[in-house]
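Remarks on the structure that follows.
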Amino acid sequence: MSTHRAYPMFNPAKSGVPDDLCPIATEMSPMLPGDWRSMRPIVDRDKCVKCAVCWLYCPVQCVVERPAWFDIDLRTCKGCGICATECPHRAIVMVAETTE
Amino acid sequence: MSAAVLEKNRYAATAKPHHIVCEGNEAAALAVAMVRPDMISVYPITPQSSLVEHLAKLVADGRMDAEIVDAEGEHSVLSVLQGASLAGGRTFTATCGPGLAFMFEPYFRTSGMRLPIVMALVTRDGITPQSVWGGHQDAMTVREVGWVQMYCETVQEVLDTTIMAFKIAEHHDVMLPVNICLDGNYLSFGAARVTLPEQAEVDAFMGQTDVNWHAALDPLRPMAVDPLTGGSGGKGPATFVRYRKGQCRGMQNALRVITEVHEEYAARFGRTFAPLVERYRLEDAEFALMTLGSMTGAAKDAVDEARAAGKRVGVVKIKTFSPFPVETLVEALSGIKAVGVVDRSVAFRWNCGPMFQETLGALYRLGRHVPAASFIGGLAGADITVEHFHRVIEQTEALLRAPAPTEPIWINESD
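So the sequences go chain by chain: R and G.
To convert a position in the first sequence, counted from 1, into the working numbering, add 252.
Oh and the second sequence: position 94 is 87 in the working numbering, straight run, nothing missing.
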C-alpha cells in the first residue's frame, strides 16, 4: 500500500511558488574563523619534533604539515589554543591578535 | 465473537464508512493512518501516551505504511520531522504539556520554516502545581508561535479535524504547521461512537501532497536551510521582515483555507463542523457564553435548559483559536449585549482567561461596549458541569444590569 510520492526535480524560477516560504541560502557567504579570532598560535620550529599531537587535537583541522614542523592555517584557525595546551614540547604559544 | 475476531473487524471495514467506539487518542491515530503519512515521530507523555500506542500498533499490524522514529525526547521528535518534511514527507507527531515545553526550540522553528507538520496537542494543564490532567494551559502558552491551532469538541471532531489538518497545513497559501487540540482526559480518553470514513474517499479528499518546494531538499539544488538573517546591516533586516511577513500572511490565509477545507469535507463526508466560530442558539440571543473545546457540550445543554426557562442566551464556540478569527467572532457577537467567556487556562499577565483577553481585543473592532466577564474553570482535569454553566449563565445575565467584575470568576473554586 506504499504511496510514497515521486519527487520531481523542482525549478524554482518556473514554479510560481512564493520564495518567502522558508529562509534558504543558495549562495555561499563565508565568514572564516580567521576573521574574528582573538588569539593566534605561533609554532617554534626549533622545538617542534613533528609528533603530530597538535594535528590530532585541532578541532577544525587547521594544522598543516611542513617538511620539518607543523604549521597553522590561519584562515580557518579559530584561536582556541588546544594545540598550545596539548603540545608535549611546549612548541606552540598563543599570542593576542592586534587590531590594524 | 472471539476477541481476535472483534479486533480484526475493528478496522477491517474501512473500505466503507464504518462505526466504532473509541477514545479521542485512538480516533486521532486512525485519522493519521488514513492520510498515509510517510514519517511519524513520537515520545509518550500523559495524556497523549495511548495515541502513541495506537500509532505504533497501526504500523506493527501493517495498517499504516509509515516510518515510526522512536526518538529520545520531544526536541528530537520534532527535529526528525523537520528533516522528513524538508525531504517532502507527510509527517505527524503528538505531545502535550512538559513534552511541548521540551519541544519548544524546534516548535518555533517549524512555523518559521513553513513546514506543514501536523501535531495532535492533547492539552494538559501547566505544571507546577504538579498534575497530569487536562487543561488548555500548554496550548495557550504557545499561541504566539505561528502554528495553526484548532480545538475539538467531540471525538468525531478529533478524527475529522485530524484529516482536515493535513490538507490545511499543506495548502500552498498556508504552508504552516497545525495543532489539533484535543482536551486531555475528556477527549483523549473519552470513548464515543465515531464514524470512520471510507479510505478511498479520504484518498480522494487529500489529493496530491503539497510540499514546501521553496525549501525542499534536492541534491541538484544545494542550499542552506534557515541561514542567518536579521541584524542591522546589509540585506539582513529586509530579509527577516520578508519571511516574518510571509508567516503572518500564511496565518491570515489559513482563516480562508480552514473554512474552504471544512466545506469540502462536509460536502464529501456529510459531517459539518463550524470551521472558525460556531454559533449555537444565537439568533435572538441577548447574551452569550463563549467556550472552547470539550466543555461546549455541557454549555449547550445548560443553554437549552435556560432557553426552556425563557432566557435568551446562546453559545459562541471558538474552534480555530490561532489564527484568531476576529472578523467572524465580531459578526457572531454583533447583536449580543453581554458575554461570559469560559477559559480552561489562565492569562497570568492580565488576571483573566486567554480567550477572554482575545475577545476584549476583538470587541474593540465592534465599536461598542459589551460588558464581559472572564470565567476560569476545568483546570487540571476539573469538570465544568451543566450546573456550573447554569451559574455562568446567571452571572453573565447579571452583566445586563450591573457592572462587570474586574476579577475572573473561578468556576471550580468551591468544588
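Heads up, the beta-carbon is just placed ideally off N, CA and C, and yes, glycines get one too.
Listed in chain order, the non-local C-beta contacts of Tyr179(G) below 7 Å within the same chain comprise Gly127, Ser287, local neighbours out to five positions each way being set aside.
Residues of the stretch 177 to 205 of chain G whose Cβ lies closer than 7 Å to any Cβ of chain R, in chain order: Thr202, Asn205. Think of a sphere of 8 Å around the beta carbon of Arg107(G): the chain R residues whose beta carbon falls inside it are Leu273, Cys274, in chain order. Neighbourhood of Val218(G) in chain R, by CB distance below 9 Å: Cys274, Pro275, Ile276, Ala277, in chain order. The beta-bridge partner set that DSSP reports for Asp336(G) consists of Ile369(G). According to DSSP, residue pairing for Asp323(R) in a beta bridge involves Val316(R). Short of 7 Å from the beta carbon of Pro340(R), and not among the five residues preceding or following it, lie these beta carbons of its own chain, in chain order: Cys303, Val305.
Within chain R, the residues placing a beta-carbon under 9 Å from that of Ala208(G) are Leu273, Cys274, Pro275, Ile276, ordered along the chain.
Here Asn205(G) is buried: its Cβ has 16 or more other Cβ atoms, across all protein chains shown, within 10 Å.
Beta-bridge pairing by DSSP links Pro293(R) to Met346(R). For Asn246(G), the three-state secondary structure derived from DSSP is helix. Sequence-distant partners of Asp219(G) (beyond 5 residues in either direction) whose C-beta falls short of 8 Å from its own C-beta, in its chain, are Arg102, Gly105, Met106. One alpha carbon belongs to Val171(G), the other to Ile161(G), and they sit about 8 Å apart. Under the DSSP assignment, Asn344(G) falls outside any beta strand (DSSP E); it carries neither an H nor an E label. Distance from the Cα of Val379(G) is smallest, within the candidate group Ala366(G), Leu282(G), Ile33(G), Ala395(G), for Leu282(G).
Around Asn344(G), the same chain offers Glu400, Pro401 as residues with beta carbons nearer than 8 Å, after the five sequence neighbours per side are excluded.
Cα atoms of Leu169(G) and Val301(R): separation of roughly 59 Å, rounded to the nearest angstrom. Residue nearest to Ile386(G) within the set Pro347(G), Ile404(G), Asp376(G), Gly371(G) is Ile404(G) (criterion: CA-CA distance).
Comparing alpha carbon positions, the residue from His165(G), Leu353(G), Thr84(G), Ile120(G) closest to Ala94(G) is Ile120(G). Tyr100(G) has a beta carbon lying at 8 Å or more from every beta carbon in chain R.
Taking the Cα of Pro316(G) as reference, the smallest distance to any Cα among Val14(G), Ala80(G), Ile251(G) is reached at Ile251(G). Here Val195(G) is buried, its C-beta having at least 16 other C-beta atoms within 10 Å. The criterion of a C-beta distance shorter than 8 Å is satisfied by Met216(G) and Ile276(R).
Interface flag for Gly226(G) against chain R is unset, since no Cβ pair is found closer than 8 Å. Of Ser181(G), Val141(G), Gln149(G), Ala209(G), the smallest CA-CA separation from Val45(G) is found for Ser181(G). Residues of chain R with a Cβ closer than 8 Å to the Cβ of Gly374(G) do not exist, since the nearest Cβ in that chain sits about 38 Å away.
Taking 8 Å as the CB threshold, Met168(G) lines the interface with chain R. For Asn18(G), the enclosing alpha helix (DSSP H) starts and ends at 17 to 27. Each residue's CA atom was taken as its position, placing Phe382(G) and Ile13(G) some 31 Å apart. Of the residues Gly90(G), Val70(G), Arg264(G), His255(G), the one whose Cα lies closest to the Cα of Ser338(G) is Gly90(G). Contact residues of the stretch 235 to 257 of chain G toward chain R are Arg235, Tyr236, Gly239 (C-beta to C-beta distance below 7 Å).
One finds nothing in chain R with a Cβ atom closer than 9 Å to the Cβ of Thr321(G); even the nearest lies about 26 Å away.
Counting only runs that start and end inside the stretch 26 to 56 of chain G, the alpha helix (DSSP H) elements of at least 4 residues fall at 42 to 53. Take Lys299(R), set aside five residues on each side of it, and the residues of its chain with a beta-carbon closer than 6 Å to its own are His341, Ala343, in chain order.
Under the criterion of beta carbons closer than 8 Å, Asp58(G) and Arg29(G) qualify as touching, at roughly 7 Å.
Following the DSSP letters along the chain, one finds Asp153(G) inside the alpha helix (DSSP H) bounded by residues 148 to 163.
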